Amino acid sequence: MKERVAEHTQRKYKQSSLLAGTEQKRKNRNLMLQNVVFTGILVAVFFLLIGLILPEGCFYGSTIDWYDQHVTLAETIRRTCIEEKTLAPAWMTLGGGSNGFQFAYYGYFRPDIILGCLMPRVSMTLLIPVYALCSYLAAVLLMRYWLRLEGLSPFCAFFGSMLFLLANCFFQTHRQIVFVNYLPFLLLALIFLKKRRFALMSVSLTLIYLHSFYYAIACLAVIGWFAIGMLRKEADWAGKRKLLVQGVTSVVLSIGMAMILLLPTFITILEHKHSGEKATTLTDLVLPNVQNLLYSPYGMGLTVICLYLLLLGLMIREYRWQSALLLLGSLFGMAPYILNATLYARGKILVPFVPVVLLYCMKIFQKIRSGQVRWKFWMFLVFAGVIVFQWGQAWFWWVLLDTGILFAAALVDTKLRKKQEGNGSSETGRETGIVRYLFLFIMPFLIYVRLAGGESWQGIPTVEAQEQNFTEEELQAICGNKLYRCNKLTDAKKECNALQFYGQQTTTMYSSVTNSAYQKFYYDLTKMPIQINNRTALLEERNPLFAQLMAERYVLTTENKIPYGYKIVAQQGKNVIAENPNVLPIAYTTSDCMSQTQFETLSDTQKMTALSRYTVVEDKTEPVSVSDMEQISLLALDSDEVECSNNVKVYALENGNGYRIKVTDKGTIRIPLDSAMQNGTLYFRFQVNNRTEKPVVISANGRKNKMSGLDAPYPNENNCFSYMLKERGNDKYIMLRLSEGSYDITDVACYVFPGQLLTEKQVEAAELVSEDQWETNSVLKCSVTASEDEYFVTSIPMQNGLKLYVDGKETKIETVNTAFVGAKITAGSHTVDLRFDPPGQKYGNMASLLSVVLFGIWSAITVLYRQKRKKH
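First residue of the sequence shown? That's -19 in the numbering used here, and the numbers climb one at a time after it.
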């Protein structure tokens, strides 16, 4: 009898086990099917988005920043890396000659640049968008995997990943690439942290720094957020200590392995830091700024549902403090201010927190789906109050529609849930259907598409335009002399970071790290016009004084925009190469000097004439006579002889010192010149007082000056518009083209620039030494002859890391002409070698090598320890 009972019990146990196994297999199949479906939808929506936003005949990239800086610099870096067989060029010929780590932000050691070096025939204009889009899609898929790892249901993980995909911060994949290209590696680091794979987390963190070291602090803050949570869950002190040691080791080694980039870049930033950012006020820190969280591509770019869920989280004990911290950090300026290293309080630094916000939002949303938390409709009254106060703001209609759709979704969900409860079919803990929530994606989708619709996309060049370009070989043959520079006048903003051929010497650059002394010389002394919202872009424009001092012997331009004094030496369609053989070389010797002390006592116009006649040196010399410019009278702007377009109104100010200009749309003012003023070089200037919040743009004879608007993040503070006017033909007029707005023009003055002084400076040009005799770190090696004790003068900007060797012996260098490298030199013939080593590069390389060795040892010990535990 007992045997029969035991046999029956065993049979029932087998049957129940079989049923349980079958049920588990069914659940696994359903889960796999859901994973496939949700992943497929994410991929499909991704490609749909890209197809919708990218116009036909365009690259996936903006004419702003993407092309001006990121892609053009990536191409320049790639070309230099290939030629010099390095991944971090120490010296770049941009900006008169610059520390290469001034451009490290744009691609040093970045994988897409390395891929570009491996595939030199593939244009970076194509490679970077492909890499950016692959990174974007990878981040979305990793986001879903991480959300599932954090315990979210398949649909909630999909929901959060879709909001992540539609976040407006990804607008930056086609503008400021480095704002988002690190996100897949941040998510990998979070995944490895969760799985306690600390060696792999260390590698992921290193890749974050290499992609965008600017976001390193914020990314480490995200890692710290989850590491603290893991520490709190550890039951005993031994576990806490082990987790802490492994986490800290991982982070320290990741930083150490990236020191090859971080240390020389950090030292370079300290040397060339500037105060171009908009000043942070107490208001920026204490008043809430919802655009850090909502909609703006220069913030997290999320939508109202996230704000609602975070506010709802304040009422859920389990997520109260997390929701409070995320709201305080995203809505107020203190967190961005700290994460931006106190530079400013801009919300773009919060992008690494997008996954964190979405994780907690989805955890709260999951509680709503399971019936553990109810929608709170009184919160919509708070939203309505906020919306009313935002009337007239750019995002008013977005937030109104977004809130309306969220309200409708909450109402429908509540009604359906009550109906289910009335029928007795609702169970607490069981998640509701997904269809009722799908239209919550409508506004994120529309906002994403609408934002991209206003982008200035970079068009693909036409075949005709490409055929009219000179080949690199042609340019190298004509403009390759390293004692002179070659600049491009067409598309000044797009081409300022481009090298038309390897070895091209150029004065222009556009980087977030700019030599401040050279920048001051560029704009304040030689009066180059400030053409965009900031001063960091050193753009080319016709200026005879600057061209003379900076060895601009060659210009690439069009036949209708050739500067005075230049003659065509080659032509390809409308494009020409023009040459002016009378400019100063990059290096020469001279005894025509004046002291820096005397120079600083001069007026602006006297400084310009002094630079054209003398070399300014640190040493005290006998005072020299400095001529001033002759000021000439111009017709009053409100006189009958001055022609104004119909949409321009000019009124004399009551104090008689200037004019109020009111322009609707765009307008022109044409000022006749006396015949005595024609054919000369004029220095024309005036002060601008903006009476609106809009920027002011005024061009004089095609030379553009701009005063940035009040909302510019990097205001150029350009309130004195200066123009050096000299044309090939007779200048019968000063033609002003004015932007729309209302502004005052005061202190209008015009001078005749004494161009003959440029020819009176006594110099002896250097001669290049054959390049096979240059050292690996030589910037310039030449032979010079001095008839007496003189000065060796260059137009290479002074910076740390430069050393000068005269006849093989190191010689003290001095700053000449306020910003450039020079030195005293004795009479006779000498070989002069100017060399450059980036400060910190040597120690950065050593730190990285040591960290890689330690990482290898640590990884090996970890693997052996895991294998030993498995055996036991």
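Beta carbons: idealized from backbone N, C-alpha and C, even for Gly. Computed from a predicted model, the values in this text were never measured in an experiment.
Contact between the region 432 to 441 and the region 42 to 50 is present: 3 or more CB-CB pairs across the two stretches fall below 8 angstroms. When C-beta atoms of the region 454 to 469 are compared with those of the region 46 to 58, fewer than three pairs fall below 8 angstroms, so the two segments do not count as touching.
For E740, the uninterrupted alpha helix (DSSP H) segment begins and ends at L737 to E740.
By the Cβ criterion, the region 814 to 827 is in contact with the region 229 to 247, since at least three pairs of Cβ atoms, one from each stretch, lie closer than 8 angstroms. For T451, the number of other beta carbons within 10 angstroms of its own is below 16, and it is reported as exposed.
Collapsing the DSSP output to three states places I512 in coil. Exclusion of the five residues before and after M508 leaves Y502, E521, N523 and F526 as the residues of its chain whose Cβ lies within less than 7 angstroms of its Cβ. In the three-state scheme derived from DSSP, where H, G and I count as helix and E and B as strand, P693 is classed as coil. The shortest C-alpha to C-alpha distance from A24 to any of M142, S78 and L782 is the one to M142. Pairing C97 with S230, the inter-Cα distance amounts to about 30 angstroms. One Cα belongs to M210, the other to K222, and the distance between them is close to 12 angstroms. Contact between L834 and L224 is absent: CB atoms are separated by about 18 angstroms, not below the 8 angstroms threshold.
Looking only at V284, A207 and Y731, the smallest Cα-Cα distance to I422 is reached by V284. Shown here, V556 sits in a strand according to DSSP, grouped into three states. Per DSSP, reduced to three states, the secondary structure at F666 is strand. With contacts defined by Cβ atoms closer than 8 angstroms, V110 and L145 do not form a contacting pair. Taken in chain order, the unbroken stretches of alpha helix (DSSP H) that lie wholly in the region 441 to 504 and span 4 residues or more are 443 to 447, 452 to 459, 472 to 475 and 496 to 500.
Under the 10 Å beta carbon count, V160 is surrounded by 16 or more other beta carbons and is classified as buried.
Beta-bridge analysis with DSSP links T60 to no other residue. Unbroken alpha helix (DSSP H) runs of no fewer than 4 residues, entirely contained in the region 579 to 641, are found at 584 to 593, following chain order. In the three-state DSSP reduction, V549 falls in the strand class (E or B). For R650, the beta-bridge partners assigned by DSSP are E623 and M715. The beta carbon of M574 sits closer than 7 angstroms to those of A590, Y594, V596, T601 and V604, all from its chain and outside the five residues before and after it, given in chain order.
Beta-bridge pairing by DSSP links D752 to no other residue.
For Y278, the closest alpha carbon among the candidates V337, R155 and F165 is that of R155.
Ranked by Cα distance from N637, the first of D724, D645, L361 and D572 is D724.
Sequence-distant Cβ neighbours of Y299 in its own chain, meaning closer than 8 angstroms and more than five residues away, are G293, Y340, K343 and I344. In this structure, K462 lies away from Q480, with their beta-carbon atoms at least 8 angstroms apart. W71 has N79 as its beta-bridge partners, per DSSP. The beta carbon of K356 sits closer than 8 angstroms to those of L292 and M295, all from its chain and outside the five residues before and after it, given in chain order. Beta-bridge partners of L282 (DSSP): L274.
The continuous stretches of beta strand (DSSP E) do not include L294, and DSSP gives it neither H nor E. In this structure, the CA atom of K175 is about 40 angstroms from the CA atom of W358.
Unbroken alpha helix (DSSP H) stretches of 4 residues or longer found wholly inside the region 202 to 255: 217 to 237 and 239 to 252, given in chain order. Note: H50 is not bridge-paired with any residue in the DSSP secondary-structure output. About 15 angstroms separates the CB atoms of M280 and S303; that is not less than 8 angstroms, and the two are not in contact.
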